[in-house]
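Residue numbers (the UniProt record's numbering): 1 to 313.
Take a look at the structure:
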């Protein structure tokens, strides 16, 4: 009878960031503004790249995909949280929670893969410039993105199906503002050994390996730049990957912060606040980083918004 009650659970309770009623309007306003900035900023990047023919290159093709993924990544968690805060509710349906987990894993993994292929693109452009147009042709770039989607769709489906085999107690509380896979495994009422093994293996393969590839690419890039005799050439080459390096540092820095926070402390509030960094702050800052540090994107945005060349953009 107990197992039957577990499997028939229809909803979870998301505890969110705070129970203080006075903070709810403030949290709602702050997160709504950050979400709107994220969506608007990334949409501007996509439209600017699409409208400017000189930006139809592999680097900006990957950037447009990254902006699209960032919009979807943030939209997976923030709208539901805003609805719950506005309605003063903590409920999320069991199916809704699974859907949130599924898409969160997909878009989080796609961020990871896109940053990796962007690092490879910069490696080929700087270390093998004569072969760049041959190697990074449109067909190959499209294949890289499609393979990334294919891998993440199946990995996310595997995690979701493994969650389906778990049982949960009625009234299960998730100490987070969205359904995060690790938090769901912690509150399950049945054995999660297989789920944890798959999670650790997937994290190692889809997290550590891409990061290793990024570090390897930039080690080769730095080595290649050190051999340049011209200071101007070094600056020009490094400026092409400065924005990407900033985004990589922000994404992996905040992700590592969340991991260390969950490993070193049992405070659910600290874990939730740390998660805000990579689920909302990082996607919001990416458009600003690329628009402020990249002359081509900056010029395209000026033309798109009909701003003069002296604009702060």
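Glycine included, every Cβ here is placed at the ideal spot set by N, Cα and C. It should be emphasised that the depicted structure is a prediction, and the values quoted were computed from it without experimental measurement.
So, using beta-carbon positions, are residue i and residue j closer together than 8 Å?
i: residue 63; j: residue 45; result: yes
i: residue 73; j: residue 210; result: no
i: residue 184; j: residue 162; result: no
i: residue 355; j: residue 61; result: The chain is shown from 1 up to 313; residue 355 falls before or after that span and cannot be answered.
i: residue 245; j: residue 285; result: no
i: residue 205; j: residue 105; result: no
i: residue 187; j: residue 173; result: yes
For residue i, does the three-state DSSP call read helix, strand or coil?
i: residue 91; result: strand
i: residue 216; result: helix
i: residue 14; result: strand
Please go through the same chain and pick out, in chain order, the residues whose beta-carbon is closer than 6 Å to the beta-carbon of residue i, but skip the five residues on each side of it.
i: residue 273; result: none
i: residue 303; result: none
i: residue 103; result: 76
i: residue 189; result: 6, 167, 168, 169
Grab me the residues of residue i's own chain with a C-beta within less than 7 Å of its C-beta, minus the 5 sequence neighbours each way, in chain order.
i: residue 221; result: 122, 123, 126, 127, 241
i: residue 65; result: 114, 145
i: residue 214; result: 115, 116, 119, 248
i: residue 192; result: 166, 185
i: residue 153; result: 106
i: residue 289; result: 243, 246, 247
Which value, in whole angstroms, describes the spacing of the CA atoms of residue i and residue j?
i: residue 144; j: residue 117; result: 7 Å
i: residue 107; j: residue 159; result: 14 Å
i: residue 51; j: residue 71; result: 19 Å
i: residue 164; j: residue 21; result: 34 Å
i: residue 147; j: residue 171; result: 39 Å
i: residue 32; j: residue 82; result: 7 Å
i: residue 84; j: residue 36; result: 17 Å
i: residue 138; j: residue 58; result: 7 Å
i: residue 212; j: residue 278; result: 20 Å
i: residue 219; j: residue 227; result: 13 Å
i: residue 78; j: residue 25; result: 15 Å
i: residue 5; j: residue 196; result: Since pLDDT at residue 5 reaches only 41, below the 50 mark, its modelled position is unreliable, and no value is offered.
i: residue 360; j: residue 199; result: Nothing in the structure corresponds to residue 360, since the chain is present only between 1 and 313.
i: residue 202; j: residue 151; result: 11 Å
i: residue 133; j: residue 99; result: 40 Å
i: residue 129; j: residue 296; result: 19 Å
i: residue 149; j: residue 157; result: 12 Å
i: residue 135; j: residue 224; result: 18 Å
i: residue 207; j: residue 19; result: 33 Å
i: residue 280; j: residue 131; result: 37 Å
i: residue 27; j: residue 96; result: 22 Å
i: residue 29; j: residue 23; result: 10 Å
i: residue 101; j: residue 53; result: 37 Å
Say the cut is 7 Å; is the CB of residue i nearer than that to a heavy atom of the ligand PLP?
i: residue 83; result: With respect to small molecules bound, the structure shown includes none, and the ligand PLP cannot be examined in it.
Which whole-angstrom value is the C-beta distance of residue i and residue j, which I expect to be below 8 Å?
i: residue 92; j: residue 12; result: 5 Å
i: residue 110; j: residue 69; result: 5 Å
i: residue 90; j: residue 15; result: 7 Å
i: residue 176; j: residue 275; result: 7 Å
i: residue 301; j: residue 48; result: 5 Å
Can you give me the Cβ contacts of residue i inside the same chain, cut-off strictly under 8 Å, excluding the 5 residues immediately before and after it?
i: residue 39; result: 71, 74, 75
i: residue 10; result: 93, 94
i: residue 42; result: 67, 68, 70, 71, 283, 286, 287
i: residue 217; result: 119, 120, 122, 123
i: residue 55; result: 48, 49, 296, 297, 300
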